[in-house]
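Residue numbers (my numbering), protein chains in the order written: chain C, 1 to 679; chain U, 1001 to 1679; chain P, 2001 to 2679. Using N, Cα and C, we set each Cβ at its ideal position, and we do this for glycine too.
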Amino acid sequence: MSKQIWPTLTMGTCYYPEHWDESLWLSDLRRMKEAGISVIRIGEFAWNKFEPREGEFTFDFFDRFLDLCRQEGMQVIFGTPTATPPAWLTEKYPEVLNAFIDGTLMRHGLRKHHNYTSPKYLELCARVVTQIARHLGRHPAIVGWQIDNELNCECNTFYAESDSVAFRVFLREKYGTLEELNRSWGTVFWNQDYTGWDQVYVPRPTANGSQNPHMELDYIRFVSHSARRFCAMQAEILRQHIGEGVYITTNGLFGHLDNHAMTRESLDVYTYDSYPNFAFPLDQAFNHSALNDRSWSRSLIETRSVCPHFGIMEQQSGSNGWHSRMEGPMPRPGQLTLWSIQSIAHGADFVSYFRWRTCNFSTEMYWHGILNYDNRDNRRLQEVRNVGRLMKQLAPVAGADSKAAFALVRDYDNQWDGEIDMWHRRIQQASEQAVFEASQYTHTPYDMLYLQPETTLGDLTRYPVLIYPHAEILTPERSDLLKAYVEQGGTLIIGCRTGQKDPDGHCVMQPMPGLLAGITGTQVEDFTFCSPAEPPVTAIWNGETLDTPVFNDILTATPGAKVLARYASSFYAGEAALVENPVGKGRVLHLGSAFSVSNLRQLLAYTGVLSPWQDIIHLPEGLELTAREKDGRTFLFLLNYRSEAQSFTLLKSAASLIHGDLPAGQHTLPAYGFEVIEI
Amino acid sequence: MSKQIWPTLTMGTCYYPEHWDESLWLSDLRRMKEAGISVIRIGEFAWNKFEPREGEFTFDFFDRFLDLCRQEGMQVIFGTPTATPPAWLTEKYPEVLNAFIDGTLMRHGLRKHHNYTSPKYLELCARVVTQIARHLGRHPAIVGWQIDNELNCECNTFYAESDSVAFRVFLREKYGTLEELNRSWGTVFWNQDYTGWDQVYVPRPTANGSQNPHMELDYIRFVSHSARRFCAMQAEILRQHIGEGVYITTNGLFGHLDNHAMTRESLDVYTYDSYPNFAFPLDQAFNHSALNDRSWSRSLIETRSVCPHFGIMEQQSGSNGWHSRMEGPMPRPGQLTLWSIQSIAHGADFVSYFRWRTCNFSTEMYWHGILNYDNRDNRRLQEVRNVGRLMKQLAPVAGADSKAAFALVRDYDNQWDGEIDMWHRRIQQASEQAVFEASQYTHTPYDMLYLQPETTLGDLTRYPVLIYPHAEILTPERSDLLKAYVEQGGTLIIGCRTGQKDPDGHCVMQPMPGLLAGITGTQVEDFTFCSPAEPPVTAIWNGETLDTPVFNDILTATPGAKVLARYASSFYAGEAALVENPVGKGRVLHLGSAFSVSNLRQLLAYTGVLSPWQDIIHLPEGLELTAREKDGRTFLFLLNYRSEAQSFTLLKSAASLIHGDLPAGQHTLPAYGFEVIEI
Amino acid sequence: MSKQIWPTLTMGTCYYPEHWDESLWLSDLRRMKEAGISVIRIGEFAWNKFEPREGEFTFDFFDRFLDLCRQEGMQVIFGTPTATPPAWLTEKYPEVLNAFIDGTLMRHGLRKHHNYTSPKYLELCARVVTQIARHLGRHPAIVGWQIDNELNCECNTFYAESDSVAFRVFLREKYGTLEELNRSWGTVFWNQDYTGWDQVYVPRPTANGSQNPHMELDYIRFVSHSARRFCAMQAEILRQHIGEGVYITTNGLFGHLDNHAMTRESLDVYTYDSYPNFAFPLDQAFNHSALNDRSWSRSLIETRSVCPHFGIMEQQSGSNGWHSRMEGPMPRPGQLTLWSIQSIAHGADFVSYFRWRTCNFSTEMYWHGILNYDNRDNRRLQEVRNVGRLMKQLAPVAGADSKAAFALVRDYDNQWDGEIDMWHRRIQQASEQAVFEASQYTHTPYDMLYLQPETTLGDLTRYPVLIYPHAEILTPERSDLLKAYVEQGGTLIIGCRTGQKDPDGHCVMQPMPGLLAGITGTQVEDFTFCSPAEPPVTAIWNGETLDTPVFNDILTATPGAKVLARYASSFYAGEAALVENPVGKGRVLHLGSAFSVSNLRQLLAYTGVLSPWQDIIHLPEGLELTAREKDGRTFLFLLNYRSEAQSFTLLKSAASLIHGDLPAGQHTLPAYGFEVIEI
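And the structure:
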């Protein structure tokens, strides 16, 4: 997972030789090279170029192109074409199509209209991937392979008939018996018991669209399982044919998919597709006060949790847009560069632009690439050239680890439960957004830490503080790990509704915080959503106001635990809102509510991890700060997403990787500017 | 219909023995009894506990539980389980399922996914109900039976194939010939004539979703007919097997169902499910200025019109919520009690809480009961205990009739026409809301009076004033009844668009008010929706402004009738807006518009029924007042729905059933407080 | 196309003899005649009156009615009944039904639920039209025929199975080979290539609803083709049977239909259905500041482009409304007259009211006609009588041409591309709305000019100025025509994104403005939607602010071209925003953005066509002015849509066709008033 694929910062682009007259190929490759691009990603979607008719394979087209790449010294990442089955395939075998919940099939004409479970699709995908891998696996121009394209993009629900068949297999493996499935799904409620496996289906239409929540949770697990299996099937084929040192990846960060497990099982490296310009839509409400494009840092943090040294397979280079949706302004001068540095600041060693030249037809004809339709040199190509130069100056950063002050703890059980359970979702979304914003405004970098079967205590002890906002679902394994973390000296911060559920999604018949009660020193006596009929409820902590938004657990502290804050209003005024409990060398802080930017500032300060670089640099909230470190060297990235200049103050002199020595004192970042300093 | 089921105020709860480990049963029953609960409702939804496989019946489970109830002295209302067909049933016989209008079947996984018309479902329901009734019909613990659960809940439209078959039967019975159906449905318009019965269907998809309105009206009548027949079929079976004095009921107040006829035909008593906390949603816009939970009184008034001495089968005891929708705050301390008293204040003699303990799994896991998942005693159980004590103090109220100052007249033809006809709906909804609010703010209690085939003049003459806001559909029978009412001394108030239609929903070819023209002394010359391009139109009545909102009929008065108010603006300024016509010993007041709180204050004052208790008590608008009377004793209920205290003033001393003697002068009700005084 | 059907201004109404008791026929016809109505439109929708059962034809009903018309001297326009297939037909042949995109059929119960492509429907329509035409074609009462009713109303998308079959035929004719279709549709993108014609379908459900844009464009062309073929098939039958001088028309102005080609191919005259009261809805947001009912002038201008001397087949006479949607206030006194004159002011010589008497049943029972259900004389009939009198006073106007100061250029390629391409749509809608509003406020009448294969230079040179706002799609033919127009002395004004695409909807691989670059003297260097994150961007023109809204092309001027205005902000501040290029005797003005009312005022003034009547009359923005001219006489129509009086000033005396001589000076139009003066 921490394999280092790119020894130096590397620049790429996505190219579609099949979209252009072959007479353009040579000049395109040479102009790329001239701009500093050394890798191109090709081939994904191009099934018909290999198998134009069922069972008839041909390789001429890409052989021609790849030989040209070899000649021109261009490295290639080759994508398997399974995201876009041909028309001849879906017309002959409609069972390979994905369906809407009512059974209506998703037809040819877009992409990702297939399912992952029909034996016929798996067979045909295996065949075409085998053919391609056998033929191209050892082509010298190819340095890596991308499996499919953006797994679970367009659609991450699957309701084909083959999905019900595969779901039953998945459930049989998980539960063994229908009795156990009935227990797990609580089917005694509303008489839902199953007496035959054939009665079990993926979600289908119901009177008001609602589904059994435990079935839904298993269904998302099943979707993730199917996608992972689909990816693993391809990886296995590829590994039989590709050369030593050639890596396997896939791109994206999509829902209903355990990206961590998929990466562990099948990939050498994980890549993300970063489109921060989605923050400036014309066709949706635009919020000037939000973090806008700076919010993409949150996805980069999540990507980093999957793969510390990741790449950007698709980095935005022009306006995003389909003919049917998404109207984006053109990136302002400097934004292309800024967003590229944003990726590097969060851990990317590879940045590949989508796409070399804007496609002049079909759905994505407004998804602008570096070049416009007219193929003239333009300001965006100038910026790409400049990023190439900057990458050389930033060379020491390659392979550096990100440096975080705390970690936000997640697990897929709770992420997915938060998706299907709106009581869970409301607090989960509020608190995770607050953690990101508080981190950004206070320049307190954080990592995301997914608790997985493979997670070790060592993965936790890298952080002095863990925030696990609303682990409604707890397991003994995760609870034990957290207990060990606290005992060895860690600080664990949790919020309301922790420990409410078991992994089936059942509410446990014991007081919250359930399995964590042994270390929190608390018990929840009563609880309520903050009523819309009341003013916001807050608490008092050492004479100061503490936000307690969204939901309130009314806590009691067990002996030895200390009530830090008490609610100040509603019917539970005076009851405990925040309790601290010492455990071993560490402690647990239990907050009765969701998190906010404000209460996180207080909690991060109280736990001593707020603003770790404040002795070195002072920044306004409007600048982002990230840190990467390697071999004892630490690099701070400062990024200005605003259209006006912003200043920062160095408390002592430092070295900029771009501008050389910076004296102590005030410095200015221009609009969309950035700085990288070594401290 | 006025059978008295509960000789004293009675407290119950809903219990699901199948949801819990049997080891909990005994303590649950004993804790209930200790809290004052003497009746539980069980069994609805539990089909599989009786027929786990087709045709295999077993009774062990409920025998065990019911014997325990008998042992512990707990009375039981037993629900037939037909609201949740088993998976084995719907998988084998998909023809029993309800469908969406496009034919997509509503699948297993929720409840009420069946139709009422497929012969197979009717056969299987009859069989399981017969089996249960035969086995349990004379069990000594069972005091009543509930048929199904919330008929027409989740969905009150039915589009299965069997519905079209049954609709044709219904229409043949109604019309005899296609010629008559074509006439009634106005099929000559747009060439819709039917030339064979097989061409007739329940509504199906059309180009823009609109349907023939006369067909739609018959369709709602058909849905009501189907649900009533389904209920009657079960009642007939039950009556063959249950003991003397054991009552039959069902719960709910749902659409597309003539609850009055159903109760008359099949039930001994009607029960309502009261969830006032729906007024405080997080997942919808919340309106601080509305009547909020106090609005549930309107449903209680409607319930009272179905059954004067009704029960509450499900009284809210905790937050409402599904995992997939509805986020409710926990009831504030006092609200559980307040809402219970609200039910009693409007006529309930039985209050049964939903549910004993919150289910810790499946769709309704956030539909909190009295107890939380953790089963500890809590503040809500304390409130239930207190309600038990209060019921003893309120004992004299049991069986008392509600005491209203006027009645709002309704009939199902107009209620349903108002649903499918948006011109009708807009005035109907505005005026009915205004009647409720005016009654609440002025402390002028009212009843709803449904005009039905069985309604007699005596049912009308109980009220000095009747408001029949917008009887677009008039029938000779209803017109004659109203004429007789007026002639004997009653005051009838009507609004715009009265008499526009016949029972087919055709507009009559005569001036409004059509069949009532003989007693109104008016004719409508012209009419218009109040234009959004003009300021609100009002009228002048004795120098004061009279609201004339939404729609304006321009009236002319016949000789003998008196124009009370004239419009003050728009192109009909100076024309008659309100006309009074003396008829016999009574009179008719014809208002040309919809009703508002303001114009109702004026009309109620003019007709002498405003604020009937104002010589005894003065209250702010924020308190609700209801009255019940029995054996010459009158009880006034005062209810405070607000989170702050409110005061009232007694003009003379009175006796509180709770606090003993209350002297004349000012008294205070605390937040969520109430008072019951005898005058 | 410029055939003159009505030698004098003519008044009609729509009548449905089948909706009424025959005893009403005679009095209805006589009352119509008395009111000045000389023509009625009947028969559309009445299929069952001719063919009550498959293949059984009868003519008694309409023979009776038409003979009465002849007797009473009433002229008749007879509609073919193909918009409403009978129930017996659609039940037996469901393949004739239209379908939703997911294949769900649109069922009996509304209208226009059929498709245009199933052989069975075409066969049955041809048969019934042949039967009717053969029987009634030479009936002396019939002066004209209406084909179907409002083609493409209710629904202008067609997804029946027969549509896919017909679409393939259409595409084979257009492309010949699949290779060419694949090229045109850009199917190499996302591997969409077709290898068999059977793989091609009309749009079907896709993962997120998006479709291949080039397919969509061809699909709209196909829908238009199908509707035109359906119309032509009926016209051909009618022409075989109808008498000399009897005209053929159809009514409406609906989407996905080349009304110009249809009229040219099949019709003698085109009629429009004008319902300005749609501007005052209760069931939608109402915007007081918009042009409201005055906006209907825009549709009349478009109608005029189809057919200079057109009729109004359905002119609003009462509130619009269905039971299921649309709540309209009753037209205020004067509005019926005003809207009738609005039609005449824009070129109508025939005004026929919808409908004589409001239907007292079915879907349109609130679509009020002249008379109400009660059949009494009313104020609306009085207004109709008065319009009859006014038409006599306006007799000189009959057959006069409209007189415009400039033309808005359109073509169907761009209209339809603007529908499927939201980047195109946003600028197209903004600019076309701005042209209409600027014209209205400045009293600068304009025509719409559709560039069609038949369009000649002479059609263009009638206008000194053409505005072709955003011709994204250019063709050599249209570009050449515009070049010739400019060279001979015309002024062409274009906006951003001109020349971006070819007729397939592909973006061309050359700089904008593409095919027009030869005459614009410009090249587009960069472009962007105006960012929602920036304040509005404007330009400076001679020291004044010039709006440059929505989208900005950054222009460069070639030698000889003159930069008139430069952007004032954003990253392209100082770059050219408006360029003027002299070409031959004319010039091209290229604006880099969309149009606004403000920048159009400046451009119209600069090009010398603003407010052409300002030397004769001064009017406030709130009055509309139109001009018609004939035989050297010019008539100005002044219309007041407001509920208050407005004044205008004559700079010299003039003659009113209504009020005789008007001296120079100020005159007042009452609310909803109008004036027609000859100058």
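- Contact annotation for Pro2205 of chain P against chain C: Phe100, Thr104, Leu105, Met106 and Arg107 [CB-CB distance below 8 Å, chain order].
- In the three-state reduction of the DSSP assignment, Asn360 of chain C falls in the coil class, being assigned neither a helical nor a strand state.
- Take the alpha-carbon of Leu2555 of chain P and the one of Lys403 of chain C: they are about 47 Å apart.
- Listed as beta-bridge partners of His1618 of chain U by DSSP are U:Thr1649.
- Residue contact check for Ser1027 of chain U against chain P: no CB pair falls below 8 Å.
- At a cut-off of 8 Å between beta-carbon atoms, Ser2362 of chain P makes contact with chain U.
- As summarised for the stretch 395-467 of chain C, the continuous alpha helix (DSSP H) elements at least 4 residues long and confined to that stretch are 412-420, 422-442 and 457-461, given in chain order.
- Pro2582 of chain P has P:Arg2587 as its beta-bridge partners, per DSSP.
- Inter-segment contact for the stretch 2067-2076 of chain P and the stretch 2025-2037 of chain P is present: three or more beta-carbon pairs are separated by less than 8 Å.
- Here Ala573 of chain C carries a coil assignment [DSSP, helix/strand/coil].
- What Ser324 of chain C touches in chain P, judged by beta-carbon distance under 7 Å, is Ser2210 and Met2422, going in chain order.
- Assignment of Ser1297 of chain U by DSSP, reduced to helix, strand and coil, places it in the helix class.
- No residue range can be given for Gln1510 of chain U, since it is assigned to no beta strand (DSSP E) and is classified by DSSP as neither H nor E.
- When only Cα atoms are considered, Leu1449 of chain U and Ser1224 of chain U end up about 19 Å apart.
- Per DSSP, Phe65 of chain C is one residue of the alpha helix (DSSP H) stretching across Asp60 to Glu72.
- Within 9 Å of the CB of His2214 of chain P, the CB atoms of chain C belong to Phe361 and Ser362, in sequence order along the chain.
- For the 8 Å CB-CB criterion, Ala1046 of chain U and Asn191 of chain C form a contact.
- Counting only the Cα atoms, Thr1337 of chain U lies some 8 Å from Asn1386 of chain U.
- By the neighbour-count criterion, in which 16 or more other beta carbons inside 10 Å mark a residue as buried, Gly196 of chain C falls on the exposed side.
- Taken residue by residue, none of the stretch 1149-1161 of chain U has a beta-carbon sitting less than 8 Å from a beta-carbon on chain P.
- Beta-bridge analysis with DSSP links His2114 of chain P to P:Leu2097.
- In the assembly as shown, Val306 of chain C is a buried residue. Its beta-carbon has 16 or more other beta-carbons within 10 Å.
- If the five residues before and after Tyr2353 of chain P are omitted, its C-beta is found closer than 6 Å to the C-beta atoms of Thr2013, Gln2315, Ser2317 and Ile2370, all from its own chain and listed in chain order.
- Within chain C, the C-beta atoms nearer than 7 Å to that of Phe1045 of chain U come from Trp190 and Asn191, in chain order.
- Excluding residues up to 5 positions away in sequence, Met11, Gly12 and Thr13 lie with their Cβ nearer than 7 Å to the Cβ of Ile37 of chain C in the same chain.
- Taking a C-beta cut-off of 8 Å against chain U, the contacting residues of the stretch 531-547 of chain C are Ser531, Pro532, Ala533 and Glu534, listed in chain order.
- With respect to the 8 Å criterion, Val1550 of chain U and Ala1430 of chain U are classified as neighbours on the basis of their beta carbons.
- Under the 8 Å criterion on CB atoms, Tyr1194 of chain U is classed as interfacial with respect to chain P.
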